[in-house]
Amino acid sequence: MKSIFLAALLGLAFFAVSCQKTDDPDAFNPADKNAVTLEFDHRVGGQRLAFNTTYKNGSGEEFTVTMLNYFVSNVSLTKDDGTVVKFPDRYFLLRLADPKTLNLTLPDVPAGNYKQVTFSVGVDSAKSVSSADALKGVLDPALWADPMYWSWNSGYIFWRFEGTSPAIPASATGARIFNLHVGGFGGRTAPTPNNLRTITLPVGTELAKVRNNIAPAVHLLVDIAKFFDGPTKISLAKTNQVHAPVAAVPLANNIATLFSIDHVHNDKE
Amino acid sequence: MKMAPTLARQTHQGFRNLGSLALALGLLGACANPGGSEPDPQPAAEPLFQVPAHFPAPVYDLSKNPLTKEGILLGRTLFYDGLLSRDGTIACGECHRQDFAFTHHTHDVSHGIGDRMGTRNAPALQNLAWGSTFFHDGGVTDLDLLPLAPIENPVEMDEKIGNVLEKLRKSPKYPALFKAAYGRAANGSEEITTPKFLKALSQFMVTLVSANSRYDRYRRGEVQLDADEVAGLTVFKAKCATCHAGELFTDGSFRNNGIGPGVFGDLGRERVTEQYADRYKFQVPSLRNVSVSRPYMHDGRLPTLDAVLDHYARGVQDSPTLDPLLKQGGRLGIPLTNAERKQLLAFLNTLNDSKFLTNPAFAEPTN
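Sequence order for the protein chains is L and B. Each residue of the first sequence is one higher than the last, beginning at 1357 in the numbering used here. Each residue of the second sequence is one higher than the last, beginning at 1089 in the numbering used here.
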C-alpha cells in the first residue's frame, strides 16, 4: 500500500514537472504569429454611447450624438522587452454607425507579451500630402458615407463629431446642431496647427499574449465625457461649429485624453 | 522644332504610340532604334506636353501620372461633362470657358448649380503644370486634388465624389474610356477609381499650356512688337513684374493688393492659414490672356483692365496687411502716367494667345 502511494506520488510529481515543461503558458515559439484586435468601446462616463440617447456634459448641457467618425493610424505595439512592432500605412476609419469598424485587426503580430499600445487619431502629415494614389481604402473619399475631407483646404477631417443640444442657440432654420470637426496636419505650403494626436496606453497587469493559439483582444474605452471635460472644458453653447484647424486645437488636446485600456482577453482559439 | 532635354524626358514618359516614342527618342539623339526593330513609319504626332523653352521646369510630377492620348481624352471628356454635378447641369467647362482663358465669361462671381452664386471669380485655367498652390487662397496644393473642391462645393457642382464614380460606372461610354486610358491593373481590375478619375482630369488640365502669345513669339525672336508695346514691356518690368514675375507672369505669392474686403468680406489666404498676417491676401494671378479673362480680382469686382490700372494708380486702400510694394515712400499705389497706362494696355494685349484660346484639342470633345 505504502509503495503504491509512493509510486502514485512520484507519478504525480512527474506529471506536474512534465506538465510544466510542455504547457508553460509563457513559453512560445518566437516565429509564431497571430492577430491582435483593438476593440473600441465608446462611453459617456458610465453610460454606453449610442444614437438617440440624451447625455449631459460637465457644463450641464444635454446632448445627443448623431455622428462620430474618426481615423486611427500609425498603430504600434510594444513588447515587455521594449521591442516595438509597427503597423505603418494601415489606416482605420471608425464609425459609430457601423459597429464592425470599431474592432481594428492587426494581422501577423509576432508571438510575444505586449505591454503597450500606441496609435494616432487622424491621418499623418506624410499621408495627407501624398499623391492622388493614396486615395484608396478608408482614405478614398468616394467610399465615405460622410465626407471626411476638407476639399477647399486639402486635408482629412481626423475626427467628425456631430449631434444636437438644447444649449445651442437655434439657427435660422431652428436647428440646434453641433458639428465639431478636427483636422489640420500641419500644412503643406504654410504652417497650420497639427492636430494629429498620438496616444500611448499601458495594457495593464495582464499583458496581451500573442501565441500560436492566442489572438488577444485589447478592450479600449473611449470616454466622450472627457471630450467635453478634458484639459479644456467645451461648452456646446459656445463651441458648436468647428471646421478649421486653429479652433480644433483644444478639441484635439481633449481627444488625446479619451482613451484607456480596460482589459485584455487572451483566450485560446 | 527643338526640344529642351527636360521636355524630351517628360514627353518621353507620356508617349504611348510608337511613332511618338520614336520621335522623342530621335530628338534625344540616342537609341532611336529600340530593340533593333524598324522605326515606326507613321508620321509623328504632336507631343502631348511640351515645356516651352523660356519656361521654368514644371511643378507637376508627370512621372507619377504619365500623359497618354487616351488619358487626356478621358480627362477632357470628364471636364466637359455635367455628370460631375449633382443634377447633371454643371460641367467644369461651364465656369471655365476656353475662349475666355477658361474663366466664367463676364461673370463677376461664378454661377453654379441651380444658379447658386459663389463669392469668387472663376480663375483662369492655364499653365497649371507650373502651379504649386491653387484657388485664390491657395487652399489646394496638388492639382490632382483640385477637382474635389468644385465637385463638393454646394454652390458649384454640389455632388459627392462617390456618386460621380457610380454614375461613370453606369454610363455607356466611360468604362471604355477608362479602360482605354488605364488598361487593366495588375490584379485584373478595370475599376473606375478616385485616383484614376482625378489623374485623368489632371492629364487634360496639364495640357492647357499657353505659350504662343505675340509676347512669346517676340521672346523667341519670331515677331517684333510695336513701339507702344515695347514701351509697355519696359513699364511692366519696372512697375508690375515683381509680383507678375517671370514667363508665367506670377510669382505665385499671396498678397493684399489694397482692393479692400468688398461685399463678401473675403478674408483670402487667412481662410487657409488662419493667420491674421494673411488677411485679404490672394494669389497673384498670371496675366497671360488677361484681356479675355475679365472681370478682374478675386471677386470679379473690376470689369475692365482700365479699371484695374485705375485701382493700382489711385484706388489702393491701406490696411495692416497691404503689400509693402503698394506703399512705397508713404505713397499708396503705383504711379502711372497716362502715356504709361496706354503703353501697359498695349503690352498686356500681347499676352493673348489666340492659339490657346481656339485650340480644338482643348474644346469640348464630340465623342
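Even glycine gets a Cβ: it sits at the ideal position worked out from N, Cα and C. Since the model is a prediction, treat every value here as computed from it, not as a measurement.
Reference residue i; option with closest CA among the options
i, options, result
"residue 1158 (chain B)", "B:1141, B:1136, B:1177, B:1142", "B:1136"
"residue 1445 (chain B)", "B:1426, B:1297, B:1355, B:1399", "B:1297"
"residue 1579 (chain L)", "L:1536, L:1604, L:1570, L:1613", "L:1613"
"residue 1361 (chain B)", "L:1407, L:1489, L:1584, L:1511", "L:1511"
"residue 1457 (chain L)", "L:1420, L:1470, L:1491, L:1500", "L:1500"
"residue 1450 (chain B)", "B:1147, B:1152, B:1164", "B:1164"
"residue 1553 (chain L)", "L:1438, L:1604, L:1382, L:1435", "L:1604"
"residue 1267 (chain B)", "B:1398, B:1161, B:1226", "B:1161"
"residue 1210 (chain B)", "B:1188, B:1275, B:1305", "B:1188"
"residue 1365 (chain B)", "L:1562, L:1588, L:1546, L:1491", "L:1546"
"residue 1344 (chain B)", "B:1204, B:1246, B:1156, B:1400", "B:1400"
"residue 1455 (chain L)", "L:1532, L:1387, L:1397", "L:1397"
"residue 1592 (chain L)", "L:1623, L:1569, L:1477, L:1526", "L:1526"
Length of the line joining the Cα atoms of residue i and residue j
i, j, result
"residue 1436 (chain B)", "residue 1339 (chain B)", "17 Å"
"residue 1452 (chain B)", "residue 1389 (chain B)", "29 Å"
"residue 1310 (chain B)", "residue 1299 (chain B)", "13 Å"
"residue 1413 (chain L)", "residue 1616 (chain L)", "19 Å"
"residue 1097 (chain B)", "residue 1450 (chain L)", "Note on residue 1097 (chain B): pLDDT 40, under 50, position unreliable in the model; no value is reported."
"residue 1134 (chain B)", "residue 1351 (chain B)", "46 Å"
"residue 1508 (chain L)", "residue 1237 (chain B)", "5 Å"
"residue 1530 (chain L)", "residue 1411 (chain L)", "21 Å"
"residue 1611 (chain L)", "residue 1620 (chain L)", "22 Å"
"residue 1303 (chain B)", "residue 1177 (chain B)", "37 Å"
"residue 1265 (chain B)", "residue 1259 (chain B)", "11 Å"
"residue 1416 (chain B)", "residue 1331 (chain B)", "15 Å"
"residue 1278 (chain B)", "residue 1494 (chain L)", "20 Å"
"residue 1185 (chain B)", "residue 1429 (chain B)", "28 Å"
"residue 1439 (chain L)", "residue 1433 (chain L)", "8 Å"
"residue 1374 (chain L)", "residue 1472 (chain L)", "Reliability fails at residue 1374 (chain L), whose pLDDT of 46 lies under 50, so the model's placement of it is uncertain and no value is given."
"residue 1182 (chain B)", "residue 1394 (chain L)", "48 Å"
"residue 1474 (chain L)", "residue 1233 (chain B)", "30 Å"
"residue 1431 (chain B)", "residue 1342 (chain B)", "27 Å"
"residue 1243 (chain B)", "residue 1224 (chain B)", "17 Å"
"residue 1521 (chain L)", "residue 1594 (chain L)", "12 Å"
"residue 1468 (chain L)", "residue 1573 (chain L)", "14 Å"
"residue 1419 (chain L)", "residue 1528 (chain L)", "20 Å"
"residue 1583 (chain L)", "residue 1436 (chain L)", "31 Å"
"residue 1363 (chain B)", "residue 1247 (chain B)", "30 Å"
"residue 1221 (chain B)", "residue 1229 (chain B)", "4 Å"
Cβ pair residue i, residue j closer than 8 Å
i, j, result
"residue 1401 (chain L)", "residue 1581 (chain L)", "yes"
"residue 1539 (chain L)", "residue 1551 (chain L)", "yes"
"residue 1441 (chain L)", "residue 1541 (chain L)", "no"
"residue 1207 (chain B)", "residue 1354 (chain B)", "yes"
"residue 1357 (chain B)", "residue 1370 (chain B)", "yes"
"residue 1180 (chain B)", "residue 1172 (chain B)", "yes"
"residue 1516 (chain L)", "residue 1537 (chain L)", "yes"
"residue 1374 (chain B)", "residue 1336 (chain B)", "yes"
"residue 1421 (chain B)", "residue 1404 (chain B)", "yes"
"residue 1218 (chain B)", "residue 1140 (chain B)", "no"
"residue 1443 (chain L)", "residue 1421 (chain L)", "no"
"residue 1214 (chain B)", "residue 1377 (chain B)", "yes"
"residue 1470 (chain L)", "residue 1391 (chain L)", "no"
Per-residue contacts from residue i into chain B (C-beta, under 8 Å)
i, result
"residue 1564 (chain L)", "Per Cβ cutoff of 8 Å: no residues; residue 1564 (chain L) is ~34 Å from chain B at best."
"residue 1602 (chain L)", "1362"
"residue 1613 (chain L)", "The contacting residues do not exist; residue 1613 (chain L) stays about 24 Å from chain B at best."
Neighbour list for residue i in chain B, Cβ cutoff strictly below 7 Å
i, result
"residue 1544 (chain L)", "1229"
"residue 1415 (chain L)", "Here the premise fails: no neighbours, minimum Cβ distance about 26 Å."
Closer than 7 Å at the beta carbon, the chain L residues around residue i
i, result
"residue 1203 (chain B)", "Correct list: empty, because the minimum Cβ distance to chain L is about 21 Å."
"residue 1287 (chain B)", "1488"
"residue 1237 (chain B)", "1507, 1508"
8 Å Cβ cut-off: residues of chain L touching residue i
i, result
"residue 1042 (chain B)", "This structure gives no information on residue 1042 (chain B), because the portion of chain B shown stretches from 1089 to 1455."
"residue 1233 (chain B)", "1488, 1507, 1510"
"residue 1152 (chain B)", "1487, 1489"
"residue 1247 (chain B)", "Neighbours of residue 1247 (chain B) on chain L: none; closest Cβ ~11 Å, over 8 Å."
"residue 1220 (chain B)", "1545"
"residue 1226 (chain B)", "1545, 1546"
Cross-chain neighbours of residue i in chain B, by beta carbon under 9 Å
i, result
"residue 1492 (chain L)", "1281, 1282, 1283"
"residue 1548 (chain L)", "1360, 1361, 1362, 1363"
"residue 1503 (chain L)", "1240, 1248, 1249"
Next item on the list: Check whether the stretch 1423-1430 of chain L touches the stretch 1595-1603 of chain L, counting contact only when three or more Cβ pairs, one atom from each stretch, lie closer than 8 Å.
Entry: Contact between the stretch 1423-1430 of chain L and the stretch 1595-1603 of chain L is absent, with fewer than three C-beta pairs closer than 8 Å.
Margin query: I'd like to know if the stretch 1383-1401 of chain B and the stretch 1179-1198 of chain B are in contact, where contact means that at least 3 CB-CB pairs between them fall below 8 Å.
Written below: At 8 Å Cβ cutoff, the stretches touch.
Next item on the list: Check whether the stretch 1283-1297 of chain B touches the stretch 1394-1413 of chain B, taking contact to mean three or more Cβ pairs, one atom from each stretch, closer than 8 Å.
Entry: Flag = no, the stretch 1283-1297 of chain B and the stretch 1394-1413 of chain B do not touch.
Margin query: Under 8 Å, with one C-beta from each stretch per pair, do the stretch 1462-1470 of chain L and the stretch 1511-1521 of chain L reach the 3-pair mark?
Written below: Short answer: they don't touch.
Notebook entry, point to check: Touch check for the stretch 1363-1378 of chain B and the stretch 1237-1252 of chain B: three-plus C-beta pairs under 8 Å?
Noted result: No: the two stretches stay apart, fewer than three of their Cβ pairs being nearer than 8 Å.
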